[in-house]
Structure formats: C-alpha cells, structure tokens
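Enquirer:
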Amino acid sequence: MSDISIAQQKYLSARKRHHRTVVCSRFLIFVLFAGLWEGSTALGLLDSFIFSSPSKVLLCFYQMLMDKSLLNHIGITLMETVVSFFLVILCALLITVLLWFNQKLSETLEPYLVILNSLPKSALAPLLIVWLGANYKTIIVTGMSVAIFGSILSLYTSFQSVDPEKIKLIYSLGGTRRHVMTKVILPSNIPALFSLMKVNIGLCLVGVIIGEFIAARSGLGYLIIYGSQVFKLDWVIMSIVLLCIMAMLLYGLLGLAEKRYLKKL
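Numbers given in our numbering equal positions in the sequence shown, counted from 1, plus 50.
1) In three-state DSSP terms, what is Leu62?
2) Report the three-state DSSP secondary structure of Phe281 (helix, strand or coil).
3) My output table needs one value for Arg267: the three-state DSSP class, helix, strand or coil.
4) Using the Cβ count rule (16 or more neighbours within 10 Å means buried), how would you classify Trp285?
5) Does Lys313 pass the burial test, meaning 16 or more other C-beta atoms within 10 Å, or should it be called exposed?
6) Determine whether the beta carbon atoms of Ile217 and Val230 lie at a separation below 7 Å.
7) Under the three-state reduction of DSSP, which class applies to Ser134: helix, strand or coil?
8) Since Ser103 is in the alpha helix (DSSP H), which residue starts that stretch and which ends it?
9) Is it buried or exposed, Met51, if we count other Cβ atoms within 10 angstroms and call 16 or more buried?
10) Does DSSP put Pro170 in a helix, in a strand, or in coil?
11) Would you check if the distance between the CB atom of Ser201 and the CB atom of Ala142 is smaller than 7 Å?
12) Consult DSSP for Gly252 and reduce its assignment to one of helix, strand or coil.
13) If you check the beta carbons only, do Leu178 and Val191 fall under 7 Å apart?
14) Given a cut-off of 7 Å, decide if Ser289 and Leu303 are closer than it, judged by their beta-carbon atoms.
15) Starting from the C-beta of Val291, find all residues in its chain whose C-beta is less than 8 Å away, skip the five residues before and the five after it, and write them out in chain order.
16) With three or more C-beta pairs closer than 8 Å as the rule, is the region 94-112 touching the region 250-260?
17) Quick one: using the 10 Å Cβ neighbour count with 16 as the cut-off for buried, is Met194 buried or exposed?
18) Applying the criterion that 16 or more other CB atoms from any shown protein chain within 10 Å of the CB defines a buried residue, is Leu37 buried or exposed?
19) Going by beta carbon distance, what residues of the same chain come within less than 6 Å of Ile235, once the five residues before and after it are set aside?
20) I want to know whether the region 103-117 touches the region 166-175 - three or more CB-CB distances under 8 Å.
Quick look at the structure:
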C-alpha cells in the first residue's frame, strides 16, 4: 500500500508541476507580447496612432469605465449573446427532437439544413435589417443564424449514433418512441450537448458582433466599427480584447457547469 501511495503522490506532484508550468508559460507569453508591443511603440518602431499600445488601451479603458459608457456597451453585447445562445440551444433541441420523431421530415429537410449552415451569415444581415429593422431583434437573430443550423445537424447526428442495443431494450420492455427519447436519447446526449454549447457560445458572440457592425448604436461591435471609421483605434483594440475576455469567461462558465454535472454522475 505504501508503494501505491508514493506512486500516487509522485503522479499528483508531476501533474501540479505540469499545471504550474503551463500557467506560468501562458503568463510569460502575454507579458512578453505586451512588453514588445509597448516597447516598439515607445521606440517608434510601430506607429502608436495605427497600432495603439497597451498603455493607451488601458487609459482608454479607464476613461470609458469612469464615464460608465463602457459598461453599457459590454452589457448590451453580453445580453444579446446570452439571449441568442439560449434561443439557439432551445430551438436546436426542439427541432432535433422533432426530426428524430419524424424520419421523413428529417430526410426532406436535411439538404436545406446543410445549405443554410454553409451560407455566409453576414450575407443575411442586410436582409434582416430590412425585415426586422435596425434593433436588438436583428442582432439576436443574426447571432442565432451563425449557430443554429450547425447545432441541429450535430445534435441529430448524435441522436442517430446512440447505442441501438439500448433502444432495442426499451422496445423489448414495451416502451414507446417517447420512452426511447426520454430514457435513452436525451440522457446519452447530454455530454454532446455540453460540447455543442461550448462551441455555440463563441459562434453566437461572433454572430452578435456581425449584427452590431451593421445594425447597432451601442455594443462592443458598434465600438469596433465606429472606432475604425473615426480612427480611434484604441477603442477598436480595447473592444477586441474585451470580446476575447468575454468569450473566455463564458466558455469557462460552461466548462464549470459541465464538470459539476459530470461529478454528479
């Protein structure tokens, strides 16, 4: 038992060292990049008007934070992203269940779903503005359009790949297709659903930014497009950094929810 305990301690120590090494390496890469960027603009190797600098971005962030305009832009983009994300998951799940129950319908709609999934979603945004107006609805629908068709196809494929022996067992016990769905299909696909959610949160954010480029008067996407038009590139770079942080935090929250669910199993 003592040998096993020592081996386990060595393994845990190695894992901790590996984790610390990865974290430190990530931090050092970030510091090195920021230092080179700041130093290059300070020495005149890069034009700070075009490329900005970390110090100017931080100053811009502080000023907009103090006048409370930045929080408004962040909140609007976050709200639009979260709403489009939940609508995508809900609609994709409902449509996929419907397609699974109706084989003829799924075979009929499959080529259309493939076509719509491959369609450049930025091409739809001008049409959505005409149909829905330049408002939050257009931006949310644009965010949904980026992820929903791929989500339906992925979920349907996952539904079809469930172990057929489990399905036969439900039928042999007198179950119906509804029992197969609730007892086998849905429980078996929860891990796939979490994986899909982690992908979709980023796609919805991308779609929302596309919508804000065209139809918004506020939000981080609006700051990016407006800042590029008036050459306030500090706004552009700051907004891009904030979008990266937002995407990372949302992805992390979904990963945490997935870990908590897996622990309960």
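Idealized CB from N, CA, C, for every residue including glycine.
Expert: Quick look at the numbers:
1) Within the sequence shown, the letter at position 12 stands for residue 62. For Leu62, the three-state secondary structure derived from DSSP is helix.
2) Translated into positions along the sequence shown, residue 281 becomes position 231. The three-state secondary structure of Phe281, taken from DSSP, is coil.
3) Numbered from 1 along the sequence shown, position 217 holds the residue referred to as residue 267. DSSP places Arg267 outside both helix and strand once states are collapsed to three, so it counts as coil.
4) Within the sequence shown, numbered from 1, the residue matching residue 285 stands at position 235. Classification for Trp285: buried.
5) Position 263 of the sequence shown, counted from the start, is the residue given in the question as residue 313. So Lys313 ends up on the exposed side.
6) In the sequence shown, the residue the question calls residue 217 occupies position 167. In the sequence shown, the residue the question calls residue 230 occupies position 180. A contact, by the Cβ cut-off of 7 Å.
7) Locating residue 134 in the sequence shown gives position 84, where the first residue counts as 1. Look at Ser134 here: in three-state DSSP terms it is helix.
8) The sequence position of residue 103 within the sequence shown is 53, counting from 1. Looking at the DSSP string, Ser103 is not in any alpha helix (DSSP H), and its letter there is neither H nor E.
9) Here residue 51 is taken as the residue at index 1 of the sequence shown, counted from 1. In this prediction, Met51 has a pLDDT of 44, which is less than 50 and means its spatial position is unreliable; nothing more can be read from the coordinates.
10) For the purposes of this step, residue 170 is identified with residue 120 of the sequence shown, where counting begins at 1. Coil.
11) Taking the first residue of the sequence shown as 1, we reach residue 201 at position 151. Taking the first residue of the sequence shown as 1, we reach residue 142 at position 92. A distance below 7 Å separates the beta carbons of Ser201 and Ala142.
12) As a first step, residue 252 must be located in the sequence shown, where it is residue number 202. Gly252 falls in the helix class under three-state DSSP.
13) Residue numbering aside, residue 178 sits at position 128 when the sequence shown is read from its first letter. Residue numbering aside, residue 191 sits at position 141 when the sequence shown is read from its first letter. Taking 7 Å as the Cβ cut-off, Leu178 and Val191 qualify as a contacting pair.
14) Locating residue 303 in the sequence shown gives position 253, where the first residue counts as 1. Locating residue 289 in the sequence shown gives position 239, where the first residue counts as 1. It is not a contact, given that the beta carbons lie outside the stated cut-off.
15) For this step, residue 291 is matched to residue 241 along the sequence shown. Cβ neighbours of Val291 within its own chain (closer than 8 Å, five residues either side excluded): Val107.
16) A contact is defined here as three or more CB-CB pairs under 8 Å, and the region 250-260 fails this definition with respect to the region 94-112.
17) By one-based count along the sequence shown, residue 194 stands at place 144. Result: buried.
18) With the chain covering 51 to 315 only, the question about residue 37 has no answer from this structure.
19) Residue mapping note: residue 235 aligns to position 185 of the sequence shown, counting from 1. Residues of the same chain with a CB within less than 6 Å of the CB of Ile235, apart from the 5 flanking positions on each side, are Phe209 and Val212 in chain order.
20) At 8 Å Cβ cutoff, the stretches do not touch.
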